[in-house]
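J.: Be aware that the sequence shown starts at 1, since it is given in full-length UniProt numbering, and climbs by one per residue. Mind having a look at this structure? Questions to follow.
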Amino acid sequence: MGLQQRPVSTLHERASYDVADFEVPTGREEEWRFTPLRRLRGLHNGTADGDGKVLVEIEAAPEVTVETAGRGDARLGRAYVPADRVSAQAWASFAEATVVTVPKETVASRPTVLRLNGEDATAAAYGHITVILEPFAEATVVLAHRGSATYADNVEFVVGDGARLSVISLQDWADDSVHVSHQHARLGRDARFVSHNVTLGGDLVRLSPSVSYDAPGGDAELYGVYFADGGQHLEHRLLVDHAVPHCRSRVDYRGALQDQDAHVVWIGDVIIRAEAEGTDTYELNRNLVLTDGTRVDSVPNLEILTGEVAGAGHASASGRLDDEHLFYLQARGIPHDEARRMVVRGFLGQLIERIEVEDVRVKVAEAIEAELDRGAADGGARGR
């Protein structure tokens, strides 16, 4: 499969399954200028040792089918074509894929959990997951990443007409891990897709969630929570491609960061193509800076090619804890450290409470508390 052109939009112009169709990034390209390439361990230039392993443990709902598929399986690549070199390398390099299928009109009785466990960060591993919801099916899928890894993967969600899919992706890697992932959802008529990306662990994590629509009535909500400590690089690059009429999207990503050289990047791209009349979209990113020595890059982009939209907007804000909020709480006898915690909890908690799986919601809340404990004790440094 060769190069495919996307000439309408200037934001994402190329897509291909062939690694050779993408030049090796130098860091000067718009899509790579915020990523520290030297920390990718060769995932971007073909020099990575590909003998690593990330094992997949599956706890499936009884109504859901989970299979291991070979590279030639026709279900793979239905929803997504790689848009950069790392994604194409992951497509070319995975040995076998995991395919999750929810049959037509089936409502899963409990979440399906995929635990991806890294064993060694010194060698690269590649993966592929395809989740298919047939028409009018409903399911929740949890992707839980942990352990040590140098890992690149593609995850595709095919959401059929009238289907409902909720995805929770938890990046709780060990401190030595690198993870570069593309997550793409393709929505049918009147389909609904909700995703929660929670990024806490890892040395460098770069996630690229994206959504496209096949027919009118599609509804996508993309939420994200992240917390970066000293030396961590956490990057989220979103794309919502409105190419059909009367679809809706909402994006809300929020993060906190503390200690020297903690770096978060958020890029939000929304394309409303000429044929996508009646689009309703809004994207928001907020970052809370807790200490000196951190860096935030937040870039919302809207590319609107039609004047017939129901609504389109974006907002981005990054700043320190509000002194007035802290003063208000301290004036009522609450110590400074606890006041700080309360503000951060409230800031991130609005999105954490949206996570519908209680075990994951509790785990994320506890992880945020641990991050705040680390910050109170030693400034959050991880020794990177």
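Yeah, the Cβ is synthetic: ideal placement off N, Cα and C, and Gly gets one too.
Going straight from the alpha carbon of residue 303 to that of residue 77, what length do you get?
T.: Along the sequence shown, read from residue 1 onward, the residue named residue 303 stands at position 303. Along the sequence shown, read from residue 1 onward, the residue named residue 77 stands at position 77. Straight-line Cα distance between these residues: approximately 26 Å.
J.: With H, G and I counted as helix, E and B as strand and the rest as coil, what does DSSP make of residue 362?
T.: By one-based count along the sequence shown, residue 362 stands at place 362. Correct three-state label for residue 362: helix.
J.: Residues in the same chain with beta-carbon distance under 7 Å from residue 60, minus the five sequence neighbours each way, listed in chain order, please.
T.: Stepping through the sequence shown from its first residue, residue 60 is reached at position 60. Answer for residue 60: 66, 112, listed in chain order.
J.: From what residue to what residue does the alpha helix (DSSP H) around residue 89 run?
T.: Within the sequence shown, residue 89 is the residue found at index 89, counting from 1. Looking at the DSSP string, the run of the alpha helix (DSSP H) that includes residue 89 is 85-93.
J.: Closest to residue 102 by C-alpha separation, out of 82, 363, 146, 62, would be which residue?
T.: Counting from 1 along the sequence shown, the entry for residue 102 is found at position 102. Looking at the Cα atoms, 62 is the closest of the given residues.
J.: State whether the stretch 83-98 contacts the stretch 37-44, with contact taken as three or more CB pairs (one from each stretch) at a distance under 8 Å.
T.: They touch, by the three-pair rule.
J.: Looking at the secondary structure, which residues open and close the beta strand (DSSP E) in which residue 300 lies?
T.: Your numbering for residue 300 matches position 300 in the sequence shown. Counting along the chain, the beta strand (DSSP E) containing residue 300 begins and ends at 295-304.
J.: Which residue from 283, 150, 128 puts its Cα closest to that of residue 48?
T.: Indexing the sequence shown from 1 puts residue 48 at position 48. Ranking 283, 150, 128 by Cα distance to residue 48 puts 150 first.
J.: What first and last residue would you give for the beta strand (DSSP E) that runs through residue 246?
T.: Reading the sequence shown from its first residue, position 246 is the one you call residue 246. Here residue 246 belongs to no beta strand (DSSP E), and DSSP marks it neither H nor E.
J.: For residue 268, write down the residues that DSSP places opposite it in a beta bridge.
T.: Position 268 of the sequence shown, counting from 1, holds the residue named residue 268. 238, 300, per the DSSP bridge assignment.
J.: Is the Cβ-Cβ distance between residue 315 and residue 288 less than 8 Å?
T.: Numbered from its first residue, the sequence shown carries residue 315 at position 315. Numbered from its first residue, the sequence shown carries residue 288 at position 288. No; because the gap between Cβ atoms is not below 8 Å, this pair is not in contact.
J.: What are the boundary residues of the beta strand (DSSP E) that residue 209 is part of?
T.: As a first step, residue 209 is located in the sequence shown; it is residue number 209 there, counting from the start. Note, residue 209: beta strand (DSSP E), 204-213.
J.: Between 203, 221, 260, which lies nearest to residue 184 when the distance is taken from Cα to Cα?
T.: Indexing the sequence shown from 1 puts residue 184 at position 184. The candidate whose alpha carbon is nearest that of residue 184 is 221.
J.: Could you have a look at residue 75 and say whether DSSP puts it in helix, strand or coil?
T.: Residue 75 sits at position 75 when you count from the first residue of the sequence shown. It is coil, neither helix nor strand.
J.: Could you say which of 244, 298, 259 lies nearest to residue 272 if we only look at CA atoms?
T.: The sequence position of residue 272 within the sequence shown is 272, counting from 1. For residue 272, the nearest C-alpha among the options comes from 244.
J.: Within 10 angstroms of the Cβ of residue 218, are there 16 or more other Cβ atoms? Answer buried if so, exposed if not.
T.: On the sequence shown, position 218 is the one that residue 218 refers to. It is buried - the Cβ of residue 218 has at least 16 other Cβ atoms within 10 Å.
J.: Just the Cα atoms here: how many angstroms apart are residue 159 and residue 29?
T.: Position 159 of the sequence shown holds residue 159. Position 29 of the sequence shown holds residue 29. The alpha-carbon atoms of residue 159 and residue 29 are separated by roughly 32 Å.
J.: Helix, strand or coil for residue 347? Go by DSSP, reduced to three states.
T.: Locating residue 347 in the sequence shown gives position 347, where the first residue counts as 1. DSSP places residue 347 in helix when its eight states are reduced to three.
J.: Report, in whole angstroms, the separation of the C-beta atoms of residue 216 and residue 250, which I expect to be a contact under 8 Å.
T.: Taking the sequence shown and counting its residues from 1, one reaches residue 216 at position 216. Taking the sequence shown and counting its residues from 1, one reaches residue 250 at position 250. About 17 Å separates the two Cβ atoms, so there is no contact after all.
J.: I'd like to confirm the pairing. Which residues does DSSP put opposite residue 118 in its beta bridges?
T.: As a first step, residue 118 must be located in the sequence shown, where it is residue number 118. Partner(s): 54, 147.
J.: Are the CB atoms of residue 317 and residue 294 within a distance shorter than 8 Å?
T.: Position 294 of the sequence shown, counting from 1, holds the residue named residue 294. Position 317 of the sequence shown, counting from 1, holds the residue named residue 317. Contact flag unset, no.
J.: By how many angstroms is the C-alpha of residue 253 removed from the C-alpha of residue 239?
T.: Walking along the sequence shown from the start, residue 239 turns up at place 239. Walking along the sequence shown from the start, residue 253 turns up at place 253. Each residue's alpha carbon lies about 13 Å from the other.
J.: Based on the DSSP output, what are the partners of residue 288 in its beta bridges?
T.: Within the sequence shown, numbered from 1, the residue matching residue 288 stands at position 288. BP columns for residue 288 point to 256, 319.
J.: Which residue's Cα is closest to the Cα of residue 197: 371, 14, 356?
T.: Along the sequence shown, one-based indexing puts residue 197 at 197. Answer by Cα proximity: 356.
J.: Leaving out the 5 sequence neighbours to the left and right, which residues in its chain are closer than 6 Å to residue 267 when beta-carbon positions are compared?
T.: Numbered from 1 along the sequence shown, position 267 holds the residue referred to as residue 267. Within the same chain, residue 267 has close Cβ partners 237, 299.
J.: With a threshold of 8 Å on Cβ separation, who are the neighbours of residue 135 within its own chain once the five nearest residues in sequence on each side are excluded?
T.: For the purposes of this step, residue 135 is identified with residue 135 of the sequence shown, where counting begins at 1. Cβ neighbours of residue 135 beyond the five flanking positions: 104, 105, 160, 161, 162, 163, 188.
J.: Here's the rule: buried if 16 or more other CB atoms are within 10 angstroms of the residue's CB, otherwise exposed. What is residue 181?
T.: On the sequence shown, residue 181 is found 181 positions in, with the first residue counted as 1. It counts as buried.
J.: When the Cα of residue 309 is compared with those of 286, 117, 346, 280, which residue comes out closest?
T.: In the sequence shown, residue 309 corresponds to position 309, counting from 1. Closest by alpha carbon: 280.
J.: What three-state label does DSSP hand residue 353 in the structure shown?
T.: By one-based count along the sequence shown, residue 353 stands at place 353. In the structure shown, residue 353 sits in coil (DSSP, three-state: anything other than H, G, I, E or B).
J.: For residue 125, count neighbouring Cβ atoms within 10 angstroms of its own Cβ and tell me buried if that reaches 16, exposed if not.
T.: Residue mapping note: residue 125 aligns to position 125 of the sequence shown, counting from 1. Under this definition residue 125 is a buried residue.
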